[in-house]
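*Asks:*
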Ligand SMILES: [Zn+2]
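Residue numbers (our numbering): 166 to 267.
1) Looking at ligand 1, does it come within less than 8 Å of residue 242, judged from the CB to the closest heavy atom?
2) Is the region 236-244 in contact with the region 215-226, if contact means three or more CB pairs nearer than 8 Å?
3) Within the 9 Å Cβ cut-off, does residue 215 reach chain B?
4) So residue 199 and residue 183 are in contact, right, with Cβ under 8 Å, and what is the actual spacing, rounded?
5) Apart from the five residues on each side of it in sequence, which residues of its chain come closer than 6 Å, Cβ to Cβ, to residue 201?
6) Nearest CA to the CA of residue 242: which residue from 266, 213, 255 and 173?
7) Would you kindly work out how many angstroms separate the C-alpha atoms of residue 258 and residue 176, rounded to a whole number?
8) Extract the residue ranges of the beta strand (DSSP E) inside the region 191-239, only unbroken runs of 3 or more that lie entirely within it.
9) Spatial neighbours of residue 168 within its chain, please: CB distance less than 8 Å, with the 5 preceding and 5 following residues excluded, ordered by chain position.
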């Protein structure tokens, strides 16, 4: 179970040379990463590549997050206001019922 997020690990890796550390100096949650990187390095690739491969194994890239909504703040991007269907069919005038941020 990884308790560090991928971003945290990436930040940590930027500040530490994982493969130049003694095992005892590696945070316990990064030991699997360290072990993986060590075994990757045995295939003759450089440290950076070994760490990158180990990252892909131990901290796979999360699925792309849903794109941040750029929608209208009034209607939430739908172009219509729930509960106001009796007025102008609930059209949102903040965005001219396009649903896009004005
Ligand atoms: Zn709107």
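Even for Gly, the Cβ is constructed at its ideal location relative to N, Cα and C. What you are looking at is a predicted structure, and each value in this text was computed from that prediction instead of being measured.
*Replies:* Taking the definition as stated:
1) Checking the Cβ of residue 242 against ligand 1 gives yes.
2) Counting Cβ pairs under 8 Å, fewer than three are found: no touch.
3) This model lacks chain B altogether; it includes just one protein chain.
4) Contact between residue 199 and residue 183 is confirmed by a C-beta separation of about 6 Å, below the 8 Å threshold.
5) Taken in chain order, the residues that qualify are 219, 222 and 223.
6) Comparing Cα positions, the closest option is 266.
7) Those two C-alpha atoms are separated by around 44 Å.
8) Counting only runs that start and end inside the region 191-239, there is no beta strand (DSSP E) element of at least 3 residues.
9) Within the same chain, residue 168 has close Cβ partners 194.
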